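All you need for the UniProt record's numbering is the position in the sequence shown, starting with 1, plus 3. Think of the CB as a built atom: it goes at the ideal place given N, C-alpha and C, for glycine as much as any other residue. Keep in mind it's a predicted model, so treat the numbers as computed, not measured.
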Amino acid sequence: QRHLLGIEPLHPVEIAALLDRADHYAEATRRGEKHGDALEGLTQINMFFENSTRTQASFEIAGKRLGADVMNMAMQASSLKKGETLIDTALTLNAMRPDLLVVRHPHSGAVNLLAEKVNCAVLNAGDGRHEHPTQALLDALTIRRAKGRLHRLTVAICGDIAHSRVARSNLILLGKMENRVRLIGPPTLMPSGIGEFGVEVTDDMEEGLKGADVVMMLRLQKERMDGGFIPSEREYYHRFGLDAAKLANAKPDAIVMHPGPMNRGVEIDGTLADDINRSVIQEQVEMGVAVRMAAMDLLAQNLAKAG
Ligand code: CP
């Protein structure tokens, strides 16, 4: 592959290979080892048209750990403010001959469009409600490390599914790796036609969490609700917020995940989020760096092969 735009085009063998490489980087980091220079001499530009803490920081750290020259474009201070379009901005940066472009954009499909216009490798850091492939990959690595496998697991994804690119990329990846995926949330936050993905859908937390190996909580994406129905946070927490009582319906060793940013007391109880016996939220963040190292390493190898 030249780009990493989504999980959709990836073969299970490619997913497993990327996770193996990321696991290697994660372990080497824990041992305090140097990582070599897979990206030495390469220029990585991070373009975030939407706010980010985890994804932007981890792409920057990942690039630097592998020796890339990393530049974070301050999009708020760019000429976009003077009316320059996304494509003209991309063409301008492309003329500076970067090797890797990491792009986050609020509109679904914007990153794919941009990838058609540039000569370098493009990594999707989240586009609208469409895909967030490196998030799904880091979630997959976290699950594989916690459960010892990434197949025949029951994974409950709970909350605002309709507006979530994280949910979309995860359910595609988990389906490809032959897991059972259950989506739990209010009908108003469930996208139409979601059954086509071969997932189970319910608005009952107790029923949906029964027998789950993994419980993945999602934030209410109010910024994407476009003036539509926004549930009351109190009522939402009562019905869909994860606490110890609701988690008791899942398997006793079920892990709790959240991609962040997290709203404590809205979709998850703060004490549960911090419970290191159940929550792997900080491990997800750690695996984010390893997965992004692996993704850029593999794309750089493909660039070198393509000449
Ligand atoms: N999970 C995630 O994408 O977090 P950020 O928005 O902080 O990058």
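For N115, the nearest candidate out of P136, R34, T191, L140 (CA to CA)
Mapped onto the sequence shown, residue 115 falls at position 112. Of the residues P136, R34, T191, L140, the one whose Cα lies closest to the Cα of N115 is P136.
Pull up the distance between the alpha-carbon of L221 and that of Q79, whole angstroms please.
As a working note, residue 221 is residue 218 in the sequence shown. As a working note, residue 79 is residue 76 in the sequence shown. About 27 Å.
Between the beta-carbon of R185 and the beta-carbon of E203, is there less than 7 Å?
The count along the sequence shown starts at 1 and reaches residue 185 at position 182. The count along the sequence shown starts at 1 and reaches residue 203 at position 200. In this structure, the beta-carbon distance from R185 to E203 falls below 7 Å.
Between which residues of its own chain and L89 is the CB-CB distance below 8 Å, once the five residues before and five after are set aside?
Taking the first residue of the sequence shown as 1, we reach residue 89 at position 86. Within the same chain, Cβ atoms closer than 8 Å to the Cβ of L89 are found at F52, L83, H108, A113, L116, L117, the five residues on either side in sequence being excluded.
P264 versus V294: straight-line alpha-carbon distance, rounded
Numbered from 1 along the sequence shown, position 261 holds the residue referred to as residue 264. Numbered from 1 along the sequence shown, position 291 holds the residue referred to as residue 294. Answer to the nearest angstrom: the Cα atoms are 19 Å apart.
Classify V73 as helix, strand or coil using the three-state DSSP reduction.
Position 70 of the sequence shown, counted from the start, is the residue given in the question as residue 73. Correct three-state label for V73: strand.
Indicate the three-state DSSP secondary structure (helix, strand or coil) for F52 in the structure shown.
By one-based count along the sequence shown, residue 52 stands at place 49. Reduced to three states, the DSSP call for F52 is coil.
Quick check: does the Cβ of L172 come within less than 6 Å of any heavy atom belonging to ligand 1?
Numbered from its first residue, the sequence shown carries residue 172 at position 169. The question names Leu, but residue 172 in the sequence shown is Ser. False, no ligand heavy atom lies under 6 Å from that Cβ.
Residues bridged to I258 by DSSP?
Indexing the sequence shown from 1 puts residue 258 at position 255. Residue pairing by DSSP places I258 opposite V217 in a beta bridge.
So does G262 have its beta carbon nearer than 6 Å to some heavy atom of ligand 1?
Stepping through the sequence shown from its first residue, residue 262 is reached at position 259. Note on identity: in this sequence residue 262 is Pro, with Gly being the wrong assignment. Within the chosen limit of 6 Å, ligand 1 reaches the beta carbon of P262 through at least one heavy atom.
Just confirm the distance between the C-beta atoms of A93 and V121, as a whole number of angstroms; I'd bet it's less than 8 Å.
Counted from its first residue, the sequence shown places residue 93 at position 90. Counted from its first residue, the sequence shown places residue 121 at position 118. With a Cβ gap of about 6 Å, A93 and V121 count as contacting.
Rank A128, A20, I258 by C-alpha distance to the C-alpha of K150 and give the top, closest one.
Here residue 150 refers to the residue found at position 147 when the sequence shown is read from its first residue. Nearest of A128, A20, I258 to K150, Cα basis: I258.
Would you mind stating whether A98 and L306 have Cβ atoms separated by less than 7 Å?
On the sequence shown, position 95 is the one that residue 98 refers to. On the sequence shown, position 303 is the one that residue 306 refers to. Contact: no.
Helix, strand or coil, according to DSSP, for T88 in the structure here?
Your numbering for residue 88 matches position 85 in the sequence shown. Assigned with DSSP and collapsed to three states, T88 falls in coil, not helix or strand.
CB of A170 within 7 Å of CB of L212, strictly:
By one-based count along the sequence shown, residue 170 stands at place 167. By one-based count along the sequence shown, residue 212 stands at place 209. Cβ atoms of A170 and L212: not closer than 7 Å.
Member of G86, G131, N182, K67 whose CA lies at the smallest distance from the CA of L103:
Looking up residue 103 in the sequence shown gives position 100. Of the listed residues, the one whose Cα sits closest to L103 is K67.
Around the C-beta of N280, are 16 or more other C-beta atoms found within 10 angstroms, so that it is buried, or is it exposed?
By one-based count along the sequence shown, residue 280 stands at place 277. With fewer than 16 other Cβ atoms within 10 Å, it is exposed.
Go ahead and label E43 buried or exposed: buried means 16 or more other beta carbons lie within 10 angstroms of its beta carbon, across all protein chains shown.
On the sequence shown, position 40 is the one that residue 43 refers to. With fewer than 16 other beta carbons inside 10 angstroms of its own, E43 counts as exposed.
Residue span of the beta strand (DSSP E) that contains I164, given as start and end
Sequence index remark: in the sequence shown, residue 164 carries index 161 (1-based). DSSP places I164 in no beta strand (DSSP E); its state is neither H nor E.
Just to confirm the assignment, what range does the beta strand (DSSP E) spanning R155 have?
Numbered from 1 along the sequence shown, position 152 holds the residue referred to as residue 155. R155 -> no beta strand (DSSP E), and no H or E assigned at all.
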